[in-house]
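Undergrad: The structure is given below, and queries will be raised subsequently.
Protein chains: 2
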Amino acid sequence: MSVKFAVLGHGVVGSGVVELFYKNKKSIEKRAGTEMDIKYILDLRDFPDSPYHDKFTKDFNDILNDDEVTSVAECMGGVEPAFTFVKACLEKGKSVSTSNKELVAEKGDILLAAAKAHNCNFFFEASVGGAIPIIRPLHRCLAANDINKVAGILNGTTNFILTKMYNDNMSFADALKLAQELGYAEKDPTADVEGHDACRKICIISSLVFGKHVYPKYVYTKGISEVDLADVAAADILGHAIKLIASVRRLDDGRILPCVMPMLIPHENIMAGVSDVFNSVLVYGDGIDQAMFYGRGAGKLPTASAVLGDVIESVKHKITVFSQSWDSSDDNSFIAPVEELSTRWYFRVPADCDAVGEGAYTDDNGTSFITEEVLTFTQAADKAKALNALAYIPVMD
Amino acid sequence: MSVKFAVLGHGVVGSGVVELFYKNKKSIEKRAGTEMDIKYILDLRDFPDSPYHDKFTKDFNDILNDDEVTSVAECMGGVEPAFTFVKACLEKGKSVSTSNKELVAEKGDILLAAAKAHNCNFFFEASVGGAIPIIRPLHRCLAANDINKVAGILNGTTNFILTKMYNDNMSFADALKLAQELGYAEKDPTADVEGHDACRKICIISSLVFGKHVYPKYVYTKGISEVDLADVAAADILGHAIKLIASVRRLDDGRILPCVMPMLIPHENIMAGVSDVFNSVLVYGDGIDQAMFYGRGAGKLPTASAVLGDVIESVKHKITVFSQSWDSSDDNSFIAPVEELSTRWYFRVPADCDAVGEGAYTDDNGTSFITEEVLTFTQAADKAKALNALAYIPVMD
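In order, the protein sequence lines correspond to chains A and B.
Going letter by letter, the first sequence gives residues 1 to 397 in our numbering.
Going letter by letter, the second sequence gives residues 1001 to 1397 in our numbering.
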């Protein structure tokens, strides 16, 4: 018996799923333990030259109402109509694998509940870190751990820009322009540059690790558009790289603190060496101490690889994988505000300011130093004001 | 109903499994979807002060013949009696999770076949890379990929020694002594230092990825005892770190080439930043391009975390996970000899030698350079002889 699945959307990721599936069909079927084939590809556009043109449909109901289709790969992006389509599939008992981080970050709890109610699976490995296996390791491989912190470089566009600023002394504006020319950044780069994309991904990780849905709107998010070349250079001299870090930690009282912001990473930390468009996720647990996962966070085949890995899992799992789930949350009292973030801080102050710390570095752009003491976000803001600081950035602990 | 499992061996890893299980029992049971408890701990020694002293037994048959025990964690190490015990458990339908790389590298095919024949599972995530999830990602998360190369820093002891040589200009002998003092190296460090431990691990990875059992005796293995401080320093100036790399690649004709040897890694490669006792595994696939997994490769709780993760999986999986298996191999014709390894090479020759490449570096210890051209292992050995080379080491491509 051959298992039939459908691919929703024939954009970059969706066409990658089709391409990779037919390239590795034989070994995929061996790993799935059954023959497999794509029965439908949903897209409103026409693809007359595609070798699979006979599989295209513009009508979602063709897929929904075909009982032979037991698994669906959703690669459309955006909340609607993806949410309506995915929910309908799950309610018919068709497992869904998605690369759509916006969908999972906004509606994950509802879709996981629908999968559970209809004895199928909603998988989303591709929604965080592209090709990097992170969702399954978090709830399966590290299942014996009490995980208390996760920190990641979860957006390739901003990491590319920061790498160019660091390696080539390029300004933010020039590096962004280059990223756009190379196709790494959208025409409207807001979602990447201002941290919204990374925010969605840390919401998904936070929900999975801590068991309650974390909505993007409750997560402090600051992008990299204000990161100055002077800070990148000074941080380097002080032994650190600046990266856009999406992180979540559990506080002593049990609340969690998710946030997205540029942070200084010590050169000794393996995360500091994550360059260009690569992503990485560092996980802290009581058993493992720390583990890092690294790879391509975006792109056609890397993302398709993660979607297809999930499709294969959906074929193997006849029942709902309950360890990969979380509850809905009706309030946000379990989320601590960013004001409570406690860490050491980097400051850049006018060169003539004398209230500086040990090991300060002075150049034309001011005096830069890292505090010995741990300050809360609020205390750091107060200190920045008092020092008339030109910049201040937290240091990742 | 509560699932009962047994722990074979109460050494470093076995006692870690017991400790971590009771520490995180509640969340582990949530992830397993059932109550769980340890019913027996097997060890020939007495542990009268253990809070779990009533669970100890010296008789393996207590465990084997107790039908209530459905899952077993094997943390004894060595091939025998582990092999006999594990095989007996599997033949009774009890799933086994092991940290024992020697056992898997020598007998994996037999034990996987026994698990399949008796509808249970033989899991071994802990046998490679300690806390790092690598076995499950390789056969599950990356299932849509055609994997053609894996390269890893798979031994923490040698990586610690090489890090000390690099960071602190310490000689091999001094760094080994320090590693022994810190408990990172055994009194007899041969298995680590000469690469045998890393060899077992790359055998397990090779078997899993390419589907046929690869025995350690067929894998060229060279350790780090001949790595000279002069080469570590010169490689750094030439932009590379020296690491003990266990790797396997598929050649164009379909044969695979596994080997263990010191290699030069370019500083830009994320693997060059893997320091101290940390391990990492870099996987190359046609979908993902590359992905790296990083973490603690050894130690009580990190290894216990991986064993327990497998025990939880064994509780969730009622049937054999067939994607995690390989065939026995009666001959070794699918393994290419190391002589066919093709890559660029680092040479150190006497300072007065004039047959050197571009960008050479000369100091009191000789002239060091990296070839532009790709040479086979055999060609490199010939060139080394002709140049009267003091050292030659392959560069990881």
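Note that CB positions come from ideal geometry on N, CA and C, so glycine has one too.
Would you kindly check if the distance between the Cβ of L238 (chain A) and the Cβ of Y361 (chain A) is under 8 Å?
TA: With respect to the 8 Å criterion, Y361 (chain A) and L238 (chain A) are classified as neighbours on the basis of their beta carbons.
Undergrad: Which residue marks the beginning of the alpha helix (DSSP H) containing H196 (chain A), and which one marks its end?
TA: 196 to 210
Undergrad: Where does M1396 (chain B) sit, in a helix, a strand or coil, going by DSSP?
TA: Coil at M1396 (chain B), not helix or strand.
Undergrad: Which same chain residues end up closer than 7 Å to D364 (chain A) when comparing Cβ atoms and leaving out the 5 residues on each side of it in sequence?
TA: none
Undergrad: Could you pull the start and end residues of the alpha helix (DSSP H) that P258 (chain A) belongs to?
TA: Run containing P258 (chain A): none in the alpha helix (DSSP H); it sits in the beta strand (DSSP E), 256 to 266.
Undergrad: Could you tell me the boundaries of the alpha helix (DSSP H) in which D1354 (chain B) lies?
TA: No alpha helix (DSSP H) holds D1354 (chain B); DSSP gives it neither H nor E.
Undergrad: Based on the DSSP secondary-structure assignment, which residues constitute the bridge partners of L64 (chain A)?
TA: None; L64 (chain A) has no bridge partner.
Undergrad: Using a Cβ-Cβ cut-off of 8 Å, state whether E74 (chain A) counts as contacting chain B.
TA: no
Undergrad: Hey, V405 (chain A) and I242 (chain A) are a contact pair by Cβ (cut 8 Å); roughly how many whole angstroms apart?
TA: For chain A, the structure presents residues 1 to 397; residue 405 (chain A) sits outside this window and is missing.
Undergrad: I'd like to know whether the C-beta of A1143 (chain B) is nearer than 8 Å to at least one C-beta of chain A.
TA: yes
Undergrad: Compare the Cα-Cα distances from T1378 (chain B) to each of B:E1313, B:D1253, B:L1341, B:A1143 and report the closest residue.
TA: B:L1341
Undergrad: At a Cβ threshold of 8 Å, is Y1184 (chain B) touching chain A?
TA: Taking Cβ atoms only, chain A never reaches closer than 8 Å to Y1184 (chain B), which makes this a no.
Undergrad: Determine which residues of the segment 292 to 311 of chain A have a Cβ less than 7 Å from any Cβ of chain B, and write them out in chain order.
TA: Result list: M292, F293, Y294, G295, R296, L301, P302, A304, S305, L308, G309.
Undergrad: To which residues of the same chain is E358 (chain A) closer than 8 Å at the C-beta, ignoring the five residues directly before and after it?
TA: In its chain, beyond the 5 residues on either side, F369, E372 have a beta carbon closer than 8 Å to the beta carbon of E358 (chain A).
Undergrad: Where does A389 (chain A) sit, in a helix, a strand or coil, going by DSSP?
TA: coil
Undergrad: Determine the closest residue to V1069 (chain B) out of B:P1051, B:E1080, B:V1096, B:M1076, with distance taken between C-alpha atoms.
TA: B:V1096
Undergrad: Quick one: grab the DSSP three-state call for K30 (chain A).
TA: helix
Undergrad: Which class does K1318 (chain B) belong to by DSSP, given the choice of helix, strand or coil?
TA: coil
Undergrad: Which term fits P350 (chain A), buried or exposed, when burial requires 16 or more other beta carbons within 10 angstroms of its beta carbon?
TA: exposed
Undergrad: Determine whether the Cβ of L459 (chain A) lies closer than 8 Å to any Cβ atom of chain B.
TA: Residue 459 (chain A) falls outside the range modelled here, since chain A spans only 1 to 397, and no answer is possible.
Undergrad: Output yes if chain A places a C-beta closer than 8 Å to the C-beta of L1208 (chain B); else output no.
TA: Not closer than 8 Å to any Cβ of chain A, the Cβ of L1208 (chain B) fails to qualify, so no.
Undergrad: Pull up the DSSP beta-bridge partners for G1149 (chain B), would you.
TA: Reading the sequence as shown, one finds Lys at residue 1149 (chain B) and not Gly. Beta-bridge pairing links K1149 (chain B) to B:R1249, B:Y1284.
Undergrad: Can you have a look at A173 (chain A) and say buried or exposed, based on whether 16 or more other CB atoms are within 10 angstroms of its CB?
TA: exposed
Undergrad: Can you give me the Cβ contacts of A389 (chain A) inside the same chain, cut-off strictly under 7 Å, excluding the 5 residues immediately before and after it?
TA: F347, R348, V349
Undergrad: Between which two residues does the beta strand (DSSP E) carrying T1157 (chain B) extend?
TA: Here T1157 (chain B) belongs to no beta strand (DSSP E); instead the alpha helix (DSSP H) covers 1156 to 1168.
Undergrad: Compare the C-alpha of S1127 (chain B) against each of B:A1384, B:T1367, B:E1080, B:I1205 and name the closest.
TA: B:I1205
Undergrad: Are the beta-carbon atoms of G1156 (chain B) and E1194 (chain B) separated by less than 8 Å?
TA: no
Undergrad: Can you tell me whether M1 (chain A) is buried or exposed? The criterion is at least 16 other CB atoms within 10 Å of its CB, across all chains shown.
TA: exposed
Undergrad: Can you grab the Cα-Cα spacing for the pair Q1290 (chain B) / L1375 (chain B), in whole Å?
TA: 24 Å
Undergrad: Taking F1322 (chain B) as the query, report the chain A residues whose CB atoms sit under 7 Å from its CB, ordered along the chain.
TA: The answer, in chain order, is G33.
Undergrad: Please report the straight-line C-alpha distance between M1292 (chain B) and S1247 (chain B), rounded to a whole angstrom.
TA: 13 Å
Undergrad: Going along chain A, which residues have a C-beta under 7 Å from L1020 (chain B)?
TA: A144, G287
Undergrad: Quick check on the DSSP output: the alpha helix (DSSP H) that includes E340 (chain A) runs from which residue to which?
TA: First-last for E340 (chain A): undefined, no H or E at that position.
Undergrad: Mind checking if E29 (chain A) is an interface residue toward chain B, Cβ cutoff 8 Å exclusive?
TA: no
Undergrad: Compare the beta carbon distance of E1102 (chain B) and V1079 (chain B) with 8 Å and say whether it is the shorter of the two.
TA: With contacts defined as CB atoms closer than 8 Å, E1102 (chain B) and V1079 (chain B) qualify as a contacting pair.
Undergrad: At the level of alpha carbons, what is the spacing between D1062 (chain B) and F1083 (chain B)?
TA: C-alpha separation (whole angstroms): 17 Å.
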